[in-house]
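Below: the structure, in C-alpha cells.
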Amino acid sequence: MDAKLNEGRPGDPGRDPRLRRLPALGRLLEAPEAKALADESGRAGLTEALRSTIGEARRALQADPRMAPPDEAALLARAAARVAEARVPRLRGVINATGVVLHTNLGRAPLAEAALEAIFAAAGGYCDLELDLETGRRGARLAGVEARLASLAGTEGGLAVNNGAAALLLALSALAAGGEVVVSRGELVEIGGGFRIPDVVVQGGARLVEVGTTNRTRLADYAAAIGPATRVLLKVHRSNYRMTGFTAEATGAELAGLARANGLLLVHDLGSGAVQPLADEPTIAEAAAFADLVTFSGDKLLGGPQAGLIAGRTEALARLRTHPLLRALRLDKLSAAALEATLALHADPAAARRAIPALRMLHEAEADRVRRADALAALLGGAATAIVPTEGRAGGGTLPAHPIPSRAVALADNGELARRLRLGTPAVLGRLHEGWLLLDVLAVAPDEIETLADAVQAAGADR
Ligand SMILES: *Cc1c(COP(=O)(O)O)cnc(C)c1O
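So in this note's numbering, spot 382 of the sequence shown is number 1442, and the numbers just go up one at a time.
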C-alpha cells in the first residue's frame, strides 16, 4: 500500500489527529469530577470505566471519519454513567405477564412469604445448618428439610441437593455406577437445557439398557433385559410431553414387584413433584409408594426454591449420603431455609394453595383471573385496550397437556412497546401475538397489578 496515501488518514492510529486529541486516562483521572466519582465508587472502578469509555470513543472515531472527538466533560459523563450502571444489579425483577407460571427463564417459582422470611433469617446470621442444638455436636445437614420431605412423601427418609438434575445424577452414581440401568424407550426424555436421560445415565457411570418401543413398553420387556449387571430400573415421568394413542407402559407397582424379585432398585425420576393432585400429574406420594427413590425439583410444582429432592428408603438413601458427589451437589443454606419453609406449608394443602404463589396461580378459579384482568384494564383505561381469553401454562416442563383458562389485556404493538416494557424497572415480559402485546394475568400477583399498569403507562401505551 502507498504510504503517502495513509498520512493523516482518519482512523489510522498515530496519524489521525482526532485520536491524538482524545484526553489521556491520567488526565481524566485528575479532573475534579473524576475525584468526586472516585470517592463515591472507588478509584479502581472509575479507572476501569474511563478506560472502557476512551476505548469506545477511539473505536467510534475510527469507524466514522467525520465524527468530532468527544471532549473531557463528555467522556467523564459517559464514564459516570458506566459506573452508575455497574452498581445496578444485573439480576432484575420482572413482572411475568407471559401466562406461564413456572417460567424457566424467569426463575421458575416465586417464593412464599414464609420462605422469604426464612431466607432473611438464615442469611444475615448463623444457623444450625450442621449442628444439633440439643447435644451441641455436629448434626445432620438439613435435618429439618429431610424430616418434612419424608413426611410429605410418606417415605422412610429424604435428602435434598442442588436441583432435580443433580438428584438423579447422584442417585444413579450411588446406586448404578459400574452396572446397568434399564429405561423404557418411551421415557428417554430431554428435559431442556441439554439434560437428556441417556447422558445422565452415562455420566452416572452406568450403562443404559433401552427396552420396549417409543410408544409401548411392557413389564416383560424390562424382565427380559435384566441380567447380572443390572442395578436399577429407572422410570422417568414424561413431565414435559404426553403420549396418546396406541401406548402402553408398566406401572410403578409392576416395576416395583419386578425390581424386588430380582434384588434391584426402582428409581422414579418424577421431575415436577406435585404434592397435591393437579390435572393428570402423579403426586410424590403416589410415586413413592412403589419406588425405592423418587427424585423431583424444588421449584416446579412444589413451588419452592431451586433444589433437587430425593425421597425414599433409608438403605438406598444411605448410599447417596456417603457418595462423594453429594458434597459437590449440596444445597446452600439459603435454599435450604426456603425449602424447609415451603415444605412446612405443604403440610396443610389448603394453606399451601393460599401461601405458595405458584400453587395459588395454578389452583385459583378462572373468575379470579378475570377479576385481575378487569382491574388491569380499568387502570389502563382507553379504548385501545381489550381483554382476551388466553390459554396459560404451568410451564417449567410440567403439565404439558393442561391449558389454564386465563385472560390477557391486549395492547396494539409492533414490538416497540414490548421492548420498552422489557427494559423498564421493573421489567415486564408479555407475549407478542399478531400485532398485539398480550399481558396475561395468570402469573401476575394481585399486588403487582398496579405496578404493571404504571409500567405500561410509563412505557407510553396510553399515548
Ligand atoms: C425438570 C426435570 C428434571 C430436572 O430438574 P431441574 O430441577 O430442572 O434440574 C429431571 N427430570 C425430570 C423428569 C424433570 O421434569
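The C-beta atom is built at its ideal place from N, Cα and C for all residues, glycine as well. Everything numeric in this text was worked out from a predicted model, so none of it was measured.
Cutoff 6 Å; reference residue i; Cβ partners in own chain excluding five residues on either side
i            : result
residue 1377 : 1217 and 1219
residue 1347 : 1328, 1330 and 1354
residue 1281 : 1271 and 1272
residue 1461 : 1302
residue 1296 : 1247, 1249, 1257 and 1329
residue 1294 : 1241, 1243 and 1327
residue 1286 : 1322
residue 1468 : 1448, 1450, 1498, 1499 and 1500
residue 1439 : 1513
residue 1465 : 1426
residue 1300 : 1457 and 1460
DSSP state of residue i mapped onto helix, strand, coil
i            : result
residue 1500 : strand
residue 1417 : helix
residue 1479 : helix
residue 1329 : strand
residue 1216 : coil
residue 1485 : coil
residue 1505 : coil
residue 1261 : helix
residue 1286 : coil
residue 1493 : strand
residue 1201 : coil
residue 1523 : Note that residue 1523 has pLDDT 47, beneath the 50 cutoff, so the model's placement of it is unreliable and the number below is only indicative. Residue 1523: coil per DSSP, three-state reduction.
residue 1470 : strand
residue 1335 : coil
residue 1075 : coil
residue 1156 : strand
residue 1459 : coil
residue 1130 : coil
residue 1450 : strand
residue 1304 : coil
residue 1394 : helix
residue 1343 : strand
residue 1245 : helix
Environment of residue i [buried if 16+ CB atoms lie within 10 Å]
i            : result
residue 1100 : exposed
residue 1508 : buried
residue 1406 : buried
residue 1360 : buried
residue 1320 : exposed
residue 1263 : exposed
residue 1339 : exposed
residue 1232 : buried
residue 1065 : Confidence is the limiting factor: at residue 1065 the pLDDT is only 46, short of 50, which leaves the residue's position unreliable and the question unanswerable from this model.
residue 1419 : buried
residue 1490 : buried
residue 1510 : exposed
residue 1148 : exposed
residue 1151 : exposed
C-beta atoms of residue i and residue j nearer than 8 Å
i            : j            : result
residue 1334 : residue 1341 : yes
residue 1458 : residue 1162 : yes
residue 1401 : residue 1213 : no
residue 1224 : residue 1112 : no
residue 1351 : residue 1372 : yes
residue 1519 : residue 1492 : no
residue 1368 : residue 1222 : yes
residue 1529 : residue 1456 : Shown here, the chain extends from 1061 to 1523; a query on residue 1529 therefore has no answer.
residue 1315 : residue 1291 : no
residue 1274 : residue 1309 : no
residue 1364 : residue 1202 : no
residue 1417 : residue 1336 : no
residue 1118 : residue 1079 : yes
Proximity winner among the options, relative to residue i (alpha-carbon distances)
i            : options                   : result
residue 1454 : 1483, 1160 and 1363       : 1160
residue 1495 : 1471, 1508 and 1516       : 1471
residue 1383 : 1226, 1325, 1102 and 1215 : 1226
residue 1527 : 1484, 1498 and 1500       : The chain is shown only over 1061 to 1523; residue 1527 falls outside these bounds and no answer can be derived.
residue 1238 : 1158, 1364, 1268 and 1201 : 1268
residue 1478 : 1089, 1499 and 1343       : 1499
residue 1450 : 1288, 1497, 1325 and 1414 : 1497
residue 1091 : 1139, 1117 and 1121       : 1139
residue 1187 : 1517, 1397, 1446 and 1429 : 1397
residue 1381 : 1284, 1300 and 1206       : 1206
residue 1261 : 1446, 1200, 1284 and 1234 : 1234
residue 1344 : 1178, 1317, 1078 and 1211 : 1211
Cut-off 8 Å between Cβ atoms - residues of its own chain near residue i, not counting five sequence neighbours on either side
i            : result
residue 1085 : 1107, 1110, 1111 and 1114
residue 1087 : 1132
Same chain only: Cβ atoms within 7 Å of residue i, ignoring 5 sequence neighbours per side
i            : result
residue 1504 : 1155, 1156, 1157, 1432 and 1512
residue 1413 : 1419, 1420 and 1423
residue 1143 : 1097, 1101, 1105, 1106 and 1109
residue 1067 : Confidence at residue 1067 is low in this model, with a pLDDT of 48, below 50, so its placement is unreliable and the value that follows should be read with caution. Same-chain partners within the cutoff: 1075.
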